[in-house]
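**Student:** With numbering that gives the first Met the number 0 applied, the sequence shown covers 0 to 251. Can you read through this structure? Questions will come right after.
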Amino acid sequence: MSETVTLEANGLDKHFGNLHVTWYVDLAVQTGVIHALIGPNGAGKTTLLSQLSGELPPDSGTVLLDGVDITDVGLSSRVDLGICRSFQTSSPFPDFTARENVVLALLASEGRGMGLIRGGGSDQDHNRIADDLLSDVGLDVDGSTPVPELDHGAIRQLEIAMALATDPSILLLDEPMAGLAPGEVEGLADLLGHIRSDHGIILVEHDMDVVFSLADRITVLSEGAVVASGTPNEIRDDDRVQELYLREGDPQ
């Protein structure tokens, strides 16, 4: 896709009872940009992604896609609009192969279900597109490989391929590097760098090396509120961020 798409959050606020989990958060990402969200555990990062994806409605504030208010648009409809959170369509089914899982994501994006797979109804076009997506994400296994035979890094690559099968303009990724070995982290970081030109990516990640090497912009959250937002260099030099990370080590 060549057009520029912009996703904006304006004043997103969310409570769970007496717990204030996001405080009037502003955020924006557009095609070609990786915008990272960092902060301690419990900072509100995942809750913010849930509000952006449509899984969780904000108590106040708005979500805009290219200036159009989509705050009241539900999760599945936001996928149709091109906003994909990886787990929405990308939890691989263990009873299927790598290729079949991507075909399932393709069929889901067309409003069709897994019955076509079980009935042998997927066609060669779907299989070809699935194989192309597996190649695009660097998954170096045969498409007929069953999911249980894939290692952790390959599962993450498959998840990205399934997300890309929905043809998203905006990808919301929640700790994609978690549990990966160093070599797998490097490979997935390379993949995100490769696909960024065609997608806007909001990345929640605890690996600071990955964040500061990949992100164009970084927003730091603490206790649901924005502490700072800016370029990696601006965040690295921000006194408020340094103070926040003293107990965990300064961002590098």
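The beta carbon of each residue, even a glycine, is placed where N, CA and C say it ideally should be.
Threshold first: 4 residues or longer. Then list the alpha helix (DSSP H) segments lying entirely within the stretch 88-158, N to C.
**Tutor:** 97-108, 114-117, 123-135
**Student:** Give me the Cα-Cα distance between Thr165 and Leu106, rounded to the nearest whole angstrom.
**Tutor:** In the sequence shown, residue 165 corresponds to position 166, counting from 1. In the sequence shown, residue 106 corresponds to position 107, counting from 1. Cα-Cα distance, rounded: 9 Å.
**Student:** Take Glu146 and list the residues in its own chain whose beta-carbon comes closer than 6 Å to its own, dropping the five residues that flank it on each side.
**Tutor:** Taking the first residue of the sequence shown as 1, we reach residue 146 at position 147. It is worth fixing the name first, because residue 146 is Val in this sequence and not Glu. Closer than 6 Å at Cβ, skipping near neighbours: Pro91, Pro93.
**Student:** Measure the C-alpha to C-alpha separation of Ser75 and His193 and round it to an integer number of angstroms.
**Tutor:** Residue mapping note: residue 75 aligns to position 76 of the sequence shown, counting from 1. Residue mapping note: residue 193 aligns to position 194 of the sequence shown, counting from 1. Approximately 26 Å between the Cα atoms of the pair.
**Student:** Using beta-carbon positions only, say whether Leu170 and Leu157 come within less than 9 Å of one another.
**Tutor:** The residue given as residue 170 occupies position 171 in the sequence shown. The residue given as residue 157 occupies position 158 in the sequence shown. No.
**Student:** Please confirm whether Ile37 and Val184 have their CB atoms less than 9 Å apart.
**Tutor:** Translated into positions along the sequence shown, residue 37 becomes position 38. Translated into positions along the sequence shown, residue 184 becomes position 185. Their beta carbons are not under 9 Å apart, which means Ile37 does not touch Val184 by this criterion.
**Student:** What are the boundary residues of the beta strand (DSSP E) that includes Ile217?
**Tutor:** By 1-based counting over the sequence shown, the position of residue 217 is 218. Ile217: member of the beta strand (DSSP E) spanning 216-221, first to last residue.
**Student:** What residue ranges within the stretch 42-85 form continuous alpha helix (DSSP H) runs of no fewer than 4 residues, ordered along the chain?
**Tutor:** 44-52, 74-80
**Student:** Let me confirm a value: His151 is counted as buried when at least 16 other C-beta atoms fall within 10 Å, else exposed. Which label applies?
**Tutor:** Along the sequence shown, one-based indexing puts residue 151 at 152. Exposed, because fewer than 16 other Cβ atoms sit within 10 Å of the Cβ of His151.
**Student:** Any idea what DSSP makes of Gly10, helix, strand or coil?
**Tutor:** The residue labelled residue 10 in the question sits at position 11 within the sequence shown. In the structure shown, Gly10 falls within a strand segment according to DSSP collapsed to helix, strand and coil.
**Student:** With distances taken Cα to Cα, identify the nearest neighbour of Glu233 among Leu138, Cys83, Ala214, Ala177.
**Tutor:** As a first step, residue 233 must be located in the sequence shown, where it is residue number 234. Answer by Cα proximity: Ala214.
**Student:** Can you give the Cα-Cα distance for Leu138 and Leu202, rounded to whole angstroms?
**Tutor:** Stepping through the sequence shown from its first residue, residue 138 is reached at position 139. Stepping through the sequence shown from its first residue, residue 202 is reached at position 203. Each residue's alpha carbon lies about 21 Å from the other.
**Student:** Report back the beta-carbon spacing between Gly199 and Leu6 to the nearest angstrom; my notes put them in contact at under 8 Å.
**Tutor:** For the purposes of this step, residue 199 is taken as residue 200 along the sequence shown, with counting starting at 1. For the purposes of this step, residue 6 is taken as residue 7 along the sequence shown, with counting starting at 1. Rounded, the Cβ-Cβ distance is 6 Å, consistent with contact.
**Student:** Locate the alpha helix (DSSP H) running through Val209, then write down its first and last residues.
**Tutor:** Along the sequence shown, read from residue 1 onward, the residue named residue 209 stands at position 210. Start and end: 207-213.
**Student:** Using 9 Å as the threshold, is the C-beta distance between Ile33 and Ser52 below it?
**Tutor:** Within the sequence shown, the letter at position 34 stands for residue 33. Within the sequence shown, the letter at position 53 stands for residue 52. In this structure, Ser52 does not lie closer than 9 Å to Ile33 by Cβ.
**Student:** Kindly indicate which three-state DSSP category Val203 falls into: helix, strand or coil?
**Tutor:** Mapped onto the sequence shown, residue 203 falls at position 204. Strand, per DSSP.
**Student:** Considering only the alpha carbon of each residue, which of Asp189, Asp206, Leu190, Met161 lies closest to Gly178?
**Tutor:** Taking the first residue of the sequence shown as 1, we reach residue 178 at position 179. Of the candidates Asp189, Asp206, Leu190, Met161, the one whose C-alpha sits nearest the C-alpha of Gly178 is Asp206.
**Student:** Put His193 into one of helix, strand or coil per three-state DSSP.
**Tutor:** In the sequence shown, residue 193 corresponds to position 194, counting from 1. Of the three classes helix, strand and coil, the one that applies to His193 here is helix, per DSSP.
**Student:** Is there a Cβ of chain E sitting closer than 9 Å to that of Arg239, yes or no?
**Tutor:** Here chain E cannot be found, since the structure has a single protein chain.
**Student:** Which residue's Cα is closest to the Cα of Trp22: Pro57, Thr144, Arg98, Ser108?
**Tutor:** Residue mapping note: residue 22 aligns to position 23 of the sequence shown, counting from 1. When each option's Cα is compared against that of Trp22, the closest is Pro57.
**Student:** For Arg195, which residues from the same chain have a beta carbon less than 7 Å from its beta carbon, with the 5 sequence-adjacent residues on both sides left out?
**Tutor:** Within the sequence shown, residue 195 is the residue found at index 196, counting from 1. Result list for Arg195: Gly31, Ile33, in chain order.
**Student:** Run through the DSSP bridge pairs and tell me what Val225 is partnered with.
**Tutor:** As a position in the sequence shown, residue 225 is number 226, starting the count at 1. Partner(s): Leu220.
**Student:** Could you check if Leu18 is buried or exposed, using at least 16 other CB atoms within 10 Å of its CB as the buried criterion?
**Tutor:** Counting from 1 along the sequence shown, the entry for residue 18 is found at position 19. Under this definition Leu18 is an exposed residue.
**Student:** Can you tell me whether Gly43 is buried or exposed, with buried defined as 16 or more other CB within 10 angstroms of its CB?
**Tutor:** Locating residue 43 in the sequence shown gives position 44, where the first residue counts as 1. The residue is buried, with at least 16 neighbouring Cβ atoms inside 10 Å.
**Student:** Could you have a look at Asp166 and say whether DSSP puts it in helix, strand or coil?
**Tutor:** As a working note, residue 166 is residue 167 in the sequence shown. Coil at Asp166, not helix or strand.
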